[in-house]
């Protein structure tokens with residue numbers, strides 16, 4: 001092992017507590033073990049305890065996908081750490097111990113290309129305007145967000161959904177002044193859910209996770225932006241074969257069905 005790799009792993013131990021969001025385990029055992037033989041299901045994927053860094057907008061669907069993967073691959077455990085893509089990239093650069101990463105845009109993935117394998121886009125998404133339940137302010141379009149009387153919340157420009165939001169608003173020449181800029185899409189959704197904002201821009205799939213708390217106003221395709229979700233293994237992974245198997249699985253019909261049922265579009 002080179003001195004560089006050793007140094008990065010030592011640094012990772014110091015930053016993990018501060019950077020990694022608490023992991024969500026989908027079950028299984030084999031904690032901390034390296035790649036082993038094939039699972040009982042007959043899959044050629046080796047057993048492992050995987051850590052996958054994933055964009056916040058994948059929280060609900062990846063929990064379901066992880067459970068399915070574990071069922072089909074006995075002996076493999078998939079742990080997810082969800083955060084804004086820019087935070088995931090920071091974790092990767094610091095050498096945080098993980099095996100794969102999935103971001104909500106290709107730009108962020110391109111920024112860590114020295115640390116990852118070849119990325120594969122596994123899904124796409126689009127923006128919607130999210131409002132309080134029943135759309136009390138009667139917001140019907142992007143133009144409505146420019147009303148100075150409205151409390152609009154957006155994601156920060158460093159976040160993929162924030163960049164997409166700026167892109168669609170700028171294209172319509174709209175001057176929207178948000179009351180806050182949030183670190184990830186789930187934080188934007190939460191502000192609207194709690195009534196702390198009248199409206200915000202989130203992914204369609206995020207609005208769909210809270211149908212009884214918010215309404216989603218569709219944005220025409222001609223005015224919208226398409227978000228791409230690339231997935232890649234991390235070169236620092238101690239479970240390279242198992243990580244590659246999971247990333248490859250995300251493009252299978254089984255995984256794609258789970259993603260599309262959650263509202264994600266085909267890659």
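Numbering (the numbering used here), first residue to last: 1 to 267. No residue lacks a Cβ here, since even glycine has one placed at the ideal position from N, Cα and C.
1. Is the beta carbon of residue 117 closer than 8 Å to that of residue 232?
2. So is residue 191 buried or exposed if we call it buried at 16+ other beta carbons inside 10 Å?
3. Output the boundary residues of the alpha helix (DSSP H) element that contains residue 240.
4. Taking contact to mean 3 or more Cβ pairs, one atom from each stretch, closer than 8 Å, check whether the region 220-240 and the region 174-187 are in contact.
5. Would you list the one or two residues that DSSP bridges to residue 132?
6. Quick one: grab the DSSP three-state call for residue 178.
7. Measuring alpha carbon to alpha carbon, tell me which residue in 54, 157, 221 and 152 is nearest residue 98.
8. Give me the Cβ distance between residue 216 and residue 130, rounded to the nearest whole Å; I'm assuming they're in contact under 8 Å.
9. Counting pairs of beta carbons, one from the region 101-119 and one from the region 153-161, are three or more of them closer than 8 Å?
10. From residue 65 to residue 139, what does the alpha carbon distance come to, in whole angstroms?
11. Under the DSSP definition of a beta bridge, which residues are partnered with residue 202?
12. Quick one: Cα of residue 169 to Cα of residue 96, how far?
13. By the 10 Å Cβ neighbour count, where 16 or more other Cβ atoms means buried, how is residue 186 classified, buried or exposed?
14. Name the DSSP beta bridge partners of residue 153, please?
15. By Cβ distance, which residues of its chain are closer than 7 Å to residue 164, with the 5 residues on each side in sequence left out?
16. Per DSSP, residue 230 is paired with what?
According to the data block:
1. The Cβ-Cβ distance between residue 232 and residue 117 falls below 8 Å.
2. Classification of residue 191: buried, given that the 10 Å Cβ count is 16 or more.
3. 240-249 is the span of the alpha helix (DSSP H), which, as asked, contains residue 240.
4. Cβ pair count under 8 Å is below three, so no.
5. Paired residues: 214.
6. Collapsing the DSSP output to three states places residue 178 in coil.
7. For residue 98, the nearest C-alpha among the options comes from 54.
8. With 8 Å as the limit, residue 216 and residue 130 qualify as a contact, their Cβ atoms being about 6 Å apart.
9. Judged by Cβ distances under 8 Å, the region 101-119 makes contact with the region 153-161, as three or more pairs qualify.
10. Residue 65 and residue 139 have their alpha carbons spaced roughly 34 Å apart.
11. Its beta-bridge partners are 128.
12. Each residue's alpha carbon lies about 35 Å from the other.
13. Answer is buried; the Cβ neighbour count reaches 16.
14. BP columns for residue 153 point to 180 and 200.
15. Excluding residues within five positions, the ones whose Cβ falls inside 7 Å are 127, 225 and 227.
16. Residue 230 pairs with 121.
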